[in-house]
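K.L.:
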Amino acid sequence: MTERSVQRGAAGLYDPAFERDSCGFGLIANLDDLPSHFVVETAINALARLTHRGAVAPDGKTGDGCGLLIKFPFGFLREVAKNLVSSSRSALRPEPYS
352 MTERSVQRGA AGLYDPAFER DSCGFGLIAN LDDLPSHFVV ETAINALARL
402 THRGAVAPDG KTGDGCGLLI KFPFGFLREV AKNLVSSSRS ALRPEPYS
């Protein structure tokens, strides 16, 4: 007997009376607000499983705009940009002749 064939009763937030034949959405979050590669990987995996709900157009390339919403790492990108600018400036300086 598979898990899907087992009828479950109401428990916690789940109530079988609310079951419908349609899909919802995936929500993957890190509640402690710390960056996590695991959360991004899990969200991409969930997104890849949404094609069954018609989120992909007949051409197989375009979709309905579903995607990931992530917190933009401004501090990290500012630091990277600062390092790139300083390293490119030193790369542009000619070496003194000896």
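Per my numbering, the sequence shown starts with residue 352, numbered consecutively.
Note that beta-carbon positions come from the ideal geometry of N, C-alpha and C, so glycine has one too.
(1) Considering only C-alpha positions, which residue in the set 434, 390, 361, 432 is nearest to residue 378?
(2) Assuming residue 398 and residue 420 are in contact, meaning their beta carbons sit under 8 Å apart, how far apart are those beta carbons, in whole angstroms?
(3) Just reading off the alpha helix (DSSP H) that residue 421 is part of, what are its end residues?
(4) Taking the continuous alpha helix (DSSP H) assigned at residue 369, which residues delimit it?
(5) Does any residue of chain C bring its CB to less than 9 Å from the CB of residue 438?
(6) Using DSSP bridges, identify the partner residues of residue 362.
P.N.:
The structure says:
(1) Translated into positions along the sequence shown, residue 378 becomes position 27. Residue 378 has its Cα closest to that of 390, out of 434, 390, 361, 432.
(2) If you number the sequence shown from 1, residue 398 lands on position 47. If you number the sequence shown from 1, residue 420 lands on position 69. That pair is no contact at about 11 Å.
(3) Numbered from 1 along the sequence shown, position 70 holds the residue referred to as residue 421. From DSSP, residue 421 is part of no alpha helix (DSSP H); its letter is neither H nor E.
(4) Looking up residue 369 in the sequence shown gives position 18. It is not in any alpha helix (DSSP H) - residue 369 carries neither H nor E in the DSSP assignment.
(5) In the structure shown, chain C cannot be found, because there is only a single protein chain.
(6) As a position in the sequence shown, residue 362 is number 11, starting the count at 1. DSSP lists 365 as partners of residue 362.
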